[in-house]
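Engineer: With the working numbering, the residue at position 117 of the sequence shown is 227, and numbering never jumps.
C-beta: ideal position from N, C-alpha, C; glycine also.
Quick one: this structure, given as structure tokens, is what I'll be asking you about.
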Amino acid sequence: MRKRTLYWILAALFAASAIYAPFDDNRDSGLPLTIVTIIALVALAVGFAMAARKVDPEARFKKKPKSVTKMKSKPVKAKDLMVDNYTSIDLETTGFSPSDDRIVEIGAIRVRNGRPVKRYSQLINPQRPLPEEITRLNGLTDADLRNQPTVDQVLPDFIRFIGNDTLIGHNINEFDAAFLLANTTRLGMRHIGNKTIDTLPLDRALYPEEPKHRLVDIIRRFGIAQTESHRAADDALQTAQCYETMKAYMKANGIK
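This is the structure:
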């Protein structure tokens with residue numbers, strides 16, 4: 111049984127116990143103990159529900175990550191959605207909070223005239239242990255990251271790589287850009303103000319009849335791949351391929 115499923119089951123059991131505790135005919139401990147028991151059961155139910163949410167690998171597509179400041183990048187207007195020259199990016203992190211978690215990998219694919227021309231991939235030492243659920247998600251371990259450069263050493267090279275390109279990403283405006291902003295702010299570096307195109311809301315707008323819009327759902331729908339590797343450069347490439355397919359769809363349907 112997956113840990114996430116187990117946590118949800120435990121949360122449901124504790125919640126049910128809290129609801130039915132006052133009606134237990136066998137209790138003989140009195141009202142104060144019952145109230146304490148209910149509070150404890152509710153706390154356990156909430157705790158396991160939060161734990162289940164935390165280990166959900168797709169949680170970043172369901173809730174805006176917490177950030178101490180608003181992202182200053184400039185989303186591209188509708189008339190500029192179809193670009194041929196751009197850089198597709200993806201980040202792997204220790205969790206979903208830009209202010210509390212750390213980047214462990216940055217991947218980017220430079221695209222010219224709709225074709226990938228250069229790849230950027232860099233592991234990053236987060237200077238803290240990797241959560242178990244992150245290792246299960248992308249296969250990275252503490253040993254993989256131990257001798258890698260830290261984020262302050264990596265970001266200048268990444269910024270040089272992207273230049274002034276429009277940045278493409280899946281959930282980039284709410285996740286990747288928020289992490290980049292949090293890190294440049296924390297390190298006192300120049301903020302990345304590149305224009306962005308987010309393929310998550312774009313897919314929702316182009317295919318409103320589809321029930322799911324995660325990257326893995328889109329690559330399957332477009333016949334690109336059957337699974338998402340959750341490694342930064344690979345996901346950045348798949349995002350670029352998805353964007354090119356969306357761009358072709360917009361052109362074919364006269365969307366300008």
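(1) Based on DSSP bridge pairs, tell me the residues matched to Asp200.
(2) Just the Cα atoms here: how many angstroms apart are Met360 and Asp313?
(3) Give every residue of the same chain whose Cβ lies closer than 8 Å to the Cβ of Gln237, excluding the five residues on either side of it in the sequence, and list them in chain order.
(4) In whole angstroms, give me the CA-to-CA distance for Asn363 and Met356.
(5) Please determine if the region 326-339 and the region 282-293 are in contact, where contact requires at least 3 C-beta pairs separated by less than 8 Å.
(6) For Ser198, which of Ser207, Leu316, Pro226 has the nearest alpha-carbon?
(7) Just confirm the distance between the C-beta atoms of Ala343 and Gly205, as a whole number of angstroms; I'd bet it's less than 8 Å.
(8) Cβ of Asn62 within 8 Å of Cβ of His340?
(9) To the nearest whole angstrom, what separates the beta carbons of Glu215 and Gln232, a pair I think is in contact under 8 Å?
(10) For Leu240, collect the residues of the same chain with a Cβ closer than 8 Å to its Cβ; drop the 5 residues on either side in sequence, then sort them by chain order.
(11) With a threshold of 16 other CB atoms inside 10 Å of the CB of Ala346, please say whether the residue is buried or exposed.
(12) How far does the beta strand (DSSP E) with Ile278 in it reach, from first residue to last?
(13) With DSSP as the reference, please indicate the residues paired to Pro226 in a beta bridge.
(14) Could you check how far apart the C-beta atoms of Thr276 and Ile307 are, in whole angstroms? I think they sit under 8 Å.
(15) Our contact map puts Tyr353 next to Thr295 with C-beta atoms below 8 Å; I'd like the distance itself, whole angstroms only.
(16) Look at the alpha carbon of Lys305 and the alpha carbon of Leu154, and state the distance between them as a whole number of angstroms.
(17) How long is the line joining the alpha carbons of Val264 and Ser209, rounded to whole angstroms?
(18) Verify whether the separation of the beta carbon atoms of Gly279 and Thr337 is less than 8 Å.
(19) Pick out whichever of Leu316, Glu320, Glu202 has its Cα sitting closest to the Cα of Leu191.
(20) Cα separation between Gly224 and Ile272?
(21) Would you mind working out which of Met299, Phe268, Pro311, Pro266 sits nearest Ile282, comparing C-alpha positions?
(22) Just to confirm, is the Cβ distance from Val156 to Asn195 under 8 Å?
(23) DSSP state of Gln232, grouped into three classes?
Structural biologist: For this structure:
(1) DSSP lists Gly217 as partners of Asp200.
(2) Looking at the backbone, the Cα of Met360 and that of Asp313 are separated by about 11 Å.
(3) Here the set comprises Arg212, Thr260.
(4) Their Cα atoms are separated by approximately 11 Å.
(5) Two segments are said to touch when three or more pairs of C-beta atoms, one from each, lie closer than 8 Å; by this definition the region 326-339 does not touch the region 282-293.
(6) Nearest C-alpha to Ser198 among Ser207, Leu316, Pro226: Pro226.
(7) Wrong, their Cβ atoms sit about 21 Å apart, outside the cutoff.
(8) It is not possible to answer for residue 62, since the shown part of the chain is limited to 111 through 366.
(9) Approximately 7 Å separates the beta-carbon atoms of Glu215 and Gln232; this is inside 8 Å, confirming the contact.
(10) Taking C-beta separations shorter than 8 Å and ignoring five residues to either side along the sequence, the partners of Leu240 in its chain run Thr204, Val214, Leu250, Thr251, Asp252, Leu255, following chain order.
(11) Buried.
(12) Note, Ile278: beta strand (DSSP E), 277-279.
(13) Answer is Val221.
(14) Between Thr276 and Ile307 the beta-carbon gap is near 6 Å, inside 8 Å, which marks them as a contact.
(15) In fact, because the Cβ distance is near 28 Å, the residues do not count as touching under 8 Å.
(16) Approximately 44 Å, taken between the alpha carbons.
(17) Roughly 18 Å separates the two Cα atoms.
(18) Cβ distance not < 8 Å, so Gly279 and Thr337 don't count as in contact.
(19) The shortest Cα separation from Leu191 among Leu316, Glu320, Glu202 belongs to Leu316.
(20) Looking at the two C-alpha atoms, the distance is approximately 16 Å.
(21) Among Met299, Phe268, Pro311, Pro266, the Cα nearest to that of Ile282 is on Pro311.
(22) At least 8 Å separates the beta-carbon of Val156 from that of Asn195.
(23) Residue state, collapsed to three classes: strand.
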